[in-house]
Structures are given as structure tokens and as C-alpha cells.
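Here is the structure we will look at, set down as C-alpha cells.
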Amino acid sequence: MATYKRYIDKPDHEDYTFDDAILLILVFLILFTGFVIEGLRIYSTNDPWAWWSPVGLLFCIVVRLAGLSEPSALTVHAFLWYFHMLLAFGFIAYIPYSKLFHMLASSLNIFLKTSSPIGGLSPVDIISKGVSSTGAARLEDFTKKELLELDACVSCGRCQKGCPAYNSGAPLSPKVVIRDLKRHFIQKKSFFRSKGKPFNHSIIDTVISKETLWSCTTCGLCEDKCPINIEHIKRIVDMRRSLITEDAGYPPEVQKVFENISKVGNPWGDLDTKYFLATELQVPLLSEKKQTDILYWVGCFGTYKARNKKVSQIMFKLFEKAGVDYAVLGQEEKCCGDSVRRLGNEKLFQQLALENIKNLNKYKFKTIVTDSPHCYNTLKNDYPQFGGHYQVMHHSEFILELIKSGKLKPKGGKNFKVTFHDPCYLGRYNSIYEAPRDVLTSIPGLELVEMRNNRSKAFCCGAGGGRIWMEDQKEEKINSLLLKKALRTKSDVLASACSLCLTTLSEAVNNSDADIESLDIAEIVYNAL
Ligand code: SF4
Ligand code: SF4
């Protein structure tokens, strides 16, 4: 089977090396000599249990037909026995030098699996380490666990098969990233052995290109699919982090986003901050109320982007209708820093996190609710690393609570089909799969139709990891690929529960002639009241 796969089927032939041939020859010789020895033993001893060794018995029949005498059979048996032993021990000794080392490295990697959730990033001590030494620009900058992962990878390609960047034609395959780093690691080890001198050059643009690094949406599908728990995202973000010290390290559009966020706290550099919240909508401000049950985290998209502002307004209406005691931070809410951190600018992220935590800690509130899984993930999983510990709920969970408690009663009215797209940062990152589905199925007349890849196998919309800020020049964009998958369900509505997904999916729908509407679950509930 292994020979067929490598030399006839060849699904990923570029990965098969001379090492594969040596291993296959060794395995074949060990098996073959083992069966011949067994056949000779059965022949010389007239073994009464021979029927339990059918292949050995077959060789015994061949030996008998060949007319070999019993003493000659015993001599050949002795010779082959030592040869077989030599092969078997040689094979075992070769394991650490061959790709079979993954038998040990993979098990160890699974045993050492970190407890952090998918895509969880480690903080960098910017103050004592300094910005210049953050991230991984050289192989030496990876942790021992990250180097072990290079040996642990079995090149199975599961990560590549689902990767949205790879499927859209971007220059990124998580499998190839690991493979290229591994090849570099092996070359480096042999360099040490032959010349005895370390070499210390950057891997960026020599082993892994910047385009490869920028193509990742941090969707987490590769990590979900990897059978041996390799953490691709941490590695990619670590390499992105190393670019912060290079002037030309970041694409210009990303530099602009960083500049705007550090100047005024939002990616668009909009100085007319939070204009519509307090003035147009009369949304209660926490600075005036001082305490509240629900602090609604509006997020940059919910505040400034026309499509997402509609969802924020609907959330405020749902709060009013259900009699929820709520407020917003208004001007005190700065960008949470999700994209900034995933793009590798750890220094700016830490500034944002500390400022937001300082503002949040001024007030009393029970729960933070947000419609953005990116803000949700940052507030819930990233801010505790900097002392910000809050009870955070995604709006799908909160709306479900309001429905279950009878404070919101969707009536429905018409029959329609809805397919739900699982946002990566809600599903894979935080395992919230059922709440948005329960919200949707609580609406009379709504039929929920699943896409083929749903829940933990859901396809990304292409916006995460800071990709939302970058120009996408490819012909086949990730959001259009997702729209195609949604259209196969023949639904009337493509529902999502994320401000970034809503942005990219609405854009994909507007750029196509597809007869489907892109809505947030809050909008669907509000329309059904
Ligand atoms: S996180 Fe998503 S986009 Fe990035 S390498 Fe993995 S599968 Fe591809
Ligand atoms: S899924 Fe894991 S083991 Fe398989 S190729 Fe990708 S990184 Fe390697």
C-alpha cells in the first residue's frame, strides 16, 4: 500500500524523497526474509501448528518443491536468521535519522499539547525584551516544542486540504510551511556537523516568504485537522511578529491601520468617534450610569461600518424590547486589538489591551456582550494575560437567554430556509456551535439547512488574522468560495454571527448575482418579532 501510494498514486509526489525508497526497501526485506525463515523452520521441524502461519507455510511448500534437503534448509535458516536480525536492528538504528522519527516525535508532540485554545498566543514581555527581539526571524527563535513539531509532522496534508488560503490560490500551505522549515532545520543540523560553525540567518523570505505569512487568516482549520496537534497559527504569528522591526515588513495598508489605531483607537482613523451611539441613538453611556448589568462592546465594525452599524442598532432595540439594563463605553472603547495581535504587532496590542482594561476597571458591570467573535475571543482569552478578567458573552448566547426566558418571543410569519456560517473565532476558537443554531431554530417557519462543512470543519470567510485590512488580488476570493458552498444549500438567507463575516459575506453576495441575503442572527430574530 505504501509503495502504491508513493510511486503509482502519487497524490503529493513532491514530498517523497530517497529516504522513502530506503525505508520501503528495508521494510520489504525484513518482511520477506522473516517469511522465508518461517518457511524454512516449518520445513525442518514439521511444525504441527503450521496452518496458523499461512504465509510461512506457503514458503515451506516452495522449499519442498525446490527439493532442498533438511540440513541445507537449516544452514540457510541460520544464515538468514542473522541477516534478518541485522536488517531489523539496522532499521531501528536508522529511525532517528529518517522520517520515521515522527513515530516518536508525533507521540511526544501529542503528549506535550498545550492547554491553550486553538490560535492561543503567548504574550511577549515587551518591556524587558524590547520590540526588536519579539517573534521568530530565525530557527533559533522557535521554542523547543515548535522545533519538535517539525520532526513530528507526517506530511499527511490534512491541514493543506482544508486551508482557505491554499484553496483560494494564495501562496500558503500549512503543510509546506512545516515541510520547508523542517528541510531548513535538517540542512542546518548537517551544516553544524560538517563545518562546526553556526549560521544565523533570517528565515523570512529565504525559507518562508512574507506573502505566505500575510496569506493566513488564522482560521484554525489546519490545527483542528492536524492529527498530531501541530500549532501552525502560533508559528505564523511569531514570524509575523519578527517583521515589526523591519521598515518594509508590513504591507502599506496594514501600516496605515496601525497608525490610525495608535493615534485615535480605531482602524479608519475616524475622529468623529462614536458619533451615532450617544447622539443619534441616545444609547446609555457607562461613564454617566457608572454601573450596569450588561456592557455592550460595540467593536470597531459595529461603530463605524454602515452594514455593521445596522446590527448594533438592532442589538440596542432588542435590549430595549427585553428590558435589559445596558450601557456602552462610547469614546472610552478603543479597538480591542484582535487584528493587531494576529498581524504580529504585539506592542500596539498590549497598549490597547492595557488602556481598555483600565477603562473597563473603572466601572461596575456584570457581563460584557458583543456581536463580534473577534472582540469576544480577545476580551475572554487574551485580556486575562494582562489582568483583565471579565464574564464575556457572545450575542448569540445572550439572545438565546432572552428567548429562553421569554423576554423575546420570535413569532416568525413566513417559511424560509437559512444556512448558518460558523465564524472561526466563535466555533473553532471558542466551541460555540449550538447557541446561534438554537436562536435560529427558535423562530417559527425557519428551516435550518447545514452546509457540508459545518461546525469545526467550517470554511473561513477570509477576514481573520488581519486579512480584512489587506488587498486581495486573487481571482477566486475566500468569501466567494464560501458563498458557493452556501448556495449549494439553496437557502434564502446566509446567516452569520460575526461582524467580519457579515462584512465579507455581504460583499460576496453584492458582487454576485446570487439570490441569497446575508444577515446577522440578531437581524433575523428582530425581523421575526
Ligand atoms: S489558520 Fe487557516 S488560513 Fe492559516 S494556515 Fe491554517 S488553515 Fe490556512
Ligand atoms: S495535518 Fe499536521 S501532520 Fe499532517 S501535514 Fe499538516 S501539519 Fe503535518
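Take the sequence shown: its letter number 12 is residue -5 in my numbering, and every next letter is one higher. Glycine included, each C-beta is placed from N, C-alpha and C at the ideal position.
Assigned secondary structure, residue i (DSSP; H/G/I helix, E/B strand, else coil)
i, result
"A478", "strand"
"K394", "coil"
"T126", "coil"
"V190", "coil"
"E454", "coil"
"L502", "strand"
"K(-12)", "helix"
"L268", "strand"
"V160", "helix"
"D496", "coil"
"R121", "coil"
"N436", "coil"
"G285", "helix"
"C484", "helix"
"R411", "coil"
"T195", "helix"
"K473", "coil"
"L133", "helix"
"H167", "helix"
"I101", "coil"
"L91", "helix"
"N212", "coil"
"S295", "helix"
"C142", "helix"
"N491", "Just to set this straight, residue 491 is Ala in the shown sequence, not Asn. DSSP places A491 in helix when its eight states are reduced to three."
"V107", "coil"
"N510", "helix"
Proximal residues to residue i (C-beta, below 8 Å), its chain only, five neighbours per side dropped
i, result
"Y509", "I297, K300, L301"
"I191", "V160, D163, L164, M222"
"V106", "It should be pointed out that residue 106 corresponds to Pro in this sequence rather than to Val. Cβ within range, chain order: E329, Q333, Q368, F369."
"K193", "I187, L226, G232"
"V492", "L466, L477, I499, E500, S501"
"K397", "G428"
"Q517", "The structure shown does not extend to residue 517, since the chain is modelled only from -16 through 512, so no value can be given for it."
Boundaries (first-last residue) of the alpha helix (DSSP H) holding residue i
i, result
"V323", "321 to 325"
"T402", "Counting along the chain, T402 falls outside any alpha helix (DSSP H), though it belongs to the beta strand (DSSP E) covering 399 to 403."
"E21", "1 to 28"
"I44", "37 to 48"
"S463", "461 to 470"
"W64", "53 to 77"
"D421", "417 to 424"
"D207", "204 to 208"
"A148", "147 to 150"
Extent of the continuous beta strand (DSSP E) run through residue i
i, result
"L83", "Looking at the DSSP string, L83 is not in any beta strand (DSSP E), and its letter there is neither H nor E."
"L431", "429 to 431"
Contacts around residue i, its chain only, beta-carbon distance under 7 Å, and the 5 residues preceding and following it disregarded
i, result
"G252", "N243, K246"
"N535", "A question about residue 535 goes unanswered here, because the residues of the chain that appear run from -16 up to 512."
"K394", "P427, A511, L512"
"F403", "P419, R420, L423, L431, A478"
"D(-8)", "none"
"L470", "A497, I499"
"F84", "I78, D134"
"N291", "F284, G285, S482, L485, T486"
"C209", "R141, C142"
"P157", "C142, Q143, C146, C205, H215"
"S425", "I386, P393"
"C199", "A148, L155, I219, G448"
"T195", "P154, L155, V160"
"N462", "C444, G445, T487, L488, E490, A491"
According to DSSP, residues forming a beta bridge with residue i
i, result
"W280", "T353"
"Q274", "K347"
Residue i at chain B interface by Cβ criterion, 8 Å
i, result
"D308", "Among the chains of the structure shown, chain B does not appear; only one protein chain is present."
Residues of its chain near residue i, where Cβ-Cβ distance is below 6 Å and the 5 sequence neighbours each way are ignored
i, result
"A232", "Per the sequence shown, the amino acid found at residue 232 is Gly instead of Ala. Cβ neighbours of G232 beyond the five flanking positions: L226."
"D3", "R(-11)"
"V307", "I277"
"E21", "S36, G39"
"F125", "A119"
"H(-4)", "Only weak support exists for where H(-4) lies, its pLDDT of 49 falling under 50; the coordinates are left without a value."
"A446", "L483, T487"
"I451", "L483"
"Y279", "Y309, V311, V352"
beta-carbon residue i near ligand 3 non-hydrogen atom, thresh 7 Å
i, result
"C146", "What this structure holds is ligand 1 and ligand 2, not ligand 3."
Note down, one range per segment and in chain order, each beta strand (DSSP E) of at least 3 residues found wholly within the stretch 298 to 386. With a minimum length of 3 residues, the continuous beta strand (DSSP E) runs that stay inside the stretch 298 to 386 are 347 to 353, 375 to 377.
Go through the stretch 214 to 244 residue by residue and report every complete run of the alpha helix (DSSP H) that reaches 4 residues or more, in order. 215 to 224
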